[in-house]
Amino acid sequence: MKTNIQIRMENLWFYYHDRVILEDIHAEIEKNAITAISGPSGQGKSTFLMILNRLWENIDGAKVKGKVEIDFGKGFEDVYHESYPVHQLRRRVGMVFQTPNPLPMSIYKNIAFPLTLMGEKNQATLSHRVETALKKAFLWDEVKDRLLENAETLSGGQQQRLCIARALVPEPDILLLDEPTSSLDEASIRVIEALLLELKKSCTIILVSHYMDQIGRIADHRLVLSERKLRPAPDKARDIQNRIEK
Amino acid sequence: MTKSFPDRLLSLFSWICAMFLISSVSIILGFLILKGYKAVNLELIFSDVRPLDALLLRQRVFGGLLPAMTGTVFLIVLSMALAVPLGLASGIFLSEYASSKIKWIFSLTFDILSGIPSIVVGLFGFSITVFLHHYFNERIFPCLLISALSLSFLVLPYIIRTTQISLESLPLSLRLTAPALGATKRQNIFFVLLPSSLSGIISGIVLAMGRCAEDTAVIMLTGAVATAGIPKSIFSGFEALPFYIYYMAAEYSHPSELRKAYGAALLLLIICSALFIFSYWIKNTLKTKHFTGHNSL
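Chains as they are written, first to last, in this note's numbering: chain A, 1 to 246; chain B, 1001 to 1297.
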């Protein structure tokens, strides 16, 4: 039973060049929980995430119809209202992509980048927040002596944690993760899963994942996206229970 | 694994093409160096004037190439100062802001502009000068500024196109990185997209610079003269190396004059190489400054 709702989606449709990708989506997402979305490839799971931070607006030919409301602590706000500043929204709703995407800069500059965008110039504040973010992402010990090296020299798992750290710098309320572990080895996956369970305390997490075992390990709620619709995942335990009762 | 016959044929063909290109360039360069190296000395540049006196403008150089060299350098710098900001801005507009319809119209226009022969651009500059001279101010004559303006028209399409194409070819994942972190469109362009496409943009500028350095038709009609000395202002006539080479090669009266033309060609090549190296140096400095270190962006 969801009690503490942070995101509400009603009657939402998504189009790409007149093709319907998502059809009449209704969803409620709980605060400080991990909601996992699974489903076949190419059905619009990434698109679903991009609706929440309006990132689809940077893609030619995409179009949204419907209502998305998010509660950032001051009651539900319509994030698609024309007066809602989109870059503010994206600081509150962070996103991590499937392939790690460090910018071709030093590790330090990558993490400091969101602050630079906000116009933060104070070096002491910058280095303090870079350190905090790297610690949150369990990366500080591995990179503290090489902060000025190019971020592209890190391993895949480290790059992905760098991207998570970077997404955490603006202190988002919601974190979107698009198959964050699909290109990583088992050890890196475990580190990131532990990290997400820790982050849940301060963040609402929406995770797109193909791995059922991963979803089983860390997700609080499960949704399935297929045939343009978003549905709650069939609960296996309850299915069995029902059959027995019949 | 052994390559199939068509594969081997293709790689052989590629080799032949590459060798053909490399040897053509070497032959041209070698020919120039062979014919010109004897002529390149201080006398070619400064004639009988002491170099220091000439450089400090204490004494005018008549027989030497110093005025033509300074004229060419001034011309390139001025044309680039006019063309680069305009070209970059248009390229960014086309790639990031223009709707597909506007993009189509503008691209067509720039393609037409890039296909216009330089002599026509020269005539255009010349007609503008004549018009201005008649209707605005009688003191307006063909000069350095008008040459630079015409040349910048000539090279604008290169800069616009390379800027546009290098921006457009950036992968979507890179384009979305900064916006997902809360960057505005302008921040995305200046902090991520432009620095990432710097290499492509600089090669466009280098191409344009080369074009400015070698073009003779435009400057012949818009301000280059045989003797002008070091240009005093952007409103005076000037000498330029390609014009000197053309003039000497066409009308030499003694083999020593032709040798001087070869020397001038070699000097032009050296100036161009220096400018190319300078622009790559700028590129590397910008990249390092932007992408590494503690300093804010």
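Don't be surprised by glycine CBs; every beta carbon is placed ideally from N, CA and C. All figures in this text were calculated on a predicted structure; none of them were measured in a lab.
Contact of ARG161 of chain A with chain B by beta-carbon distance below 7 Å is absent, the smallest such distance being about 16 Å.
Taking C-alpha positions only, SER1118 of chain B is separated from VAL1040 of chain B by approximately 29 Å.
The alpha helix (DSSP H) runs of length 4 or more contained entirely in the region 1199 to 1238 of chain B are, from start to end of the chain, 1217 to 1222. In chain order, ASN58 make up the part of chain A whose C-beta sits under 8 Å from the C-beta of ARG1175 of chain B.
The beta carbons of LEU1275 of chain B and LEU1032 of chain B sit no closer together than 8 Å. If you draw a straight line from the Cα of PHE1110 of chain B to the Cα of THR1072 of chain B, it is about 26 Å long. Contact between the region 161 to 173 of chain A and the region 88 to 105 of chain A is present: three or more C-beta pairs spanning the two stretches fall below 8 Å. Taking a C-beta distance under 8 Å as the contact criterion, ALA167 of chain A and LEU175 of chain A qualify as a contact pair. 8 Å or more divides the Cβ of SER1147 of chain B from the Cβ of PHE1124 of chain B. When A:PRO172, A:ASP220, A:ARG146 are compared, the shortest CA-CA separation from PHE72 of chain A is found for A:PRO172. The three-state reading of DSSP puts GLU10 of chain A in strand, counting E and B together. About 5 Å separates the beta carbon of PRO114 of chain A from that of LEU1181 of chain B, a gap short enough to meet the 8 Å contact definition. Where ALA27 of chain A is concerned, there is no enclosing alpha helix (DSSP H), although the beta strand (DSSP E) around it starts and stops at 19 to 30.
Apart from sequence neighbours up to five positions away, the residues of its chain that approach PRO1157 of chain B with a beta-carbon distance below 6 Å are PHE1110, LEU1113, SER1114, ordered along the chain. Remark: C-beta atoms of ASP178 of chain A and VAL224 of chain A do not approach each other more closely than 8 Å. At a Cβ-Cβ threshold of 8 Å, GLU28 of chain A and ASN4 of chain A do not count as neighbours. Straight across, the Cα-Cα distance linking TYR1135 of chain B with ALA1183 of chain B is about 50 Å. Its Cα nearest to that of LEU1044 of chain B, the residue B:GLY1263 stands out among B:ILE1270, B:SER1011, B:GLY1263. In this structure, the CA atom of THR1288 of chain B is about 20 Å from the CA atom of ASP145 of chain A. The beta-carbon of THR181 of chain A is placed no less than 8 Å from the nearest beta-carbon of chain B. Sixteen is the threshold: since fewer than 16 other Cβ atoms of the shown chains lie within 10 Å of the Cβ of SER1127 of chain B, the residue is exposed. In terms of Cβ geometry, VAL169 of chain A and ARG129 of chain A form a close pair [threshold 8 Å].
At a cut-off of 8 Å between C-beta atoms, PRO40 of chain A does not count as an interface residue with respect to chain B. If you draw a 10 Å sphere on the C-beta of ILE206 of chain A, you find 16 or more other C-beta atoms in it, and that means buried. Residue contact with chain A for PRO1117 of chain B: absent (no Cβ-Cβ distance below 8 Å to any residue of chain A).
For chain A, the residues of the region 1153 to 1183 of chain B that bring a beta carbon within less than 8 Å of one of its beta carbons are LEU1172, SER1173, LEU1174, ARG1175, LEU1176, THR1177, ALA1178, PRO1179, ALA1180, LEU1181, GLY1182, ALA1183, in chain order. The beta carbon of VAL1206 of chain B is closer than 7 Å to those of PHE1276, SER1279 in its chain, skipping five residues each way along the sequence. One Cα belongs to SER1196 of chain B, the other to LYS1283 of chain B, and the distance between them is close to 11 Å. Distance between HIS17 of chain A and SER1023 of chain B, taken at the CA atoms: about 51 Å. A check of alpha carbon separations from GLN1164 of chain B across B:MET1209, B:SER1152, B:LEU1021, B:SER1203 identifies B:SER1203 as the nearest.
In the same chain as GLU149 of chain A, and ignoring 5 residues on each side of it, the C-beta atoms closer than 7 Å to its own belong to SER106, ILE107, in chain order. About 6 Å separates the Cβ atoms of VAL1155 of chain B and CYS1212 of chain B, confirming a contact at the 8 Å cut-off.
DSSP places ILE59 of chain A outside both helix and strand once states are collapsed to three, so it counts as coil. At a C-beta separation below 8 Å, GLN1059 of chain B has no neighbours in chain A, since its nearest C-beta there lies roughly 52 Å away.
Under the three-state reduction of DSSP output, GLY42 of chain A falls in the coil class, being neither helix nor strand.
Any Cβ of chain A closer than 8 Å to the Cβ of VAL1192 of chain B would place that residue at the interface, and such an atom is present.
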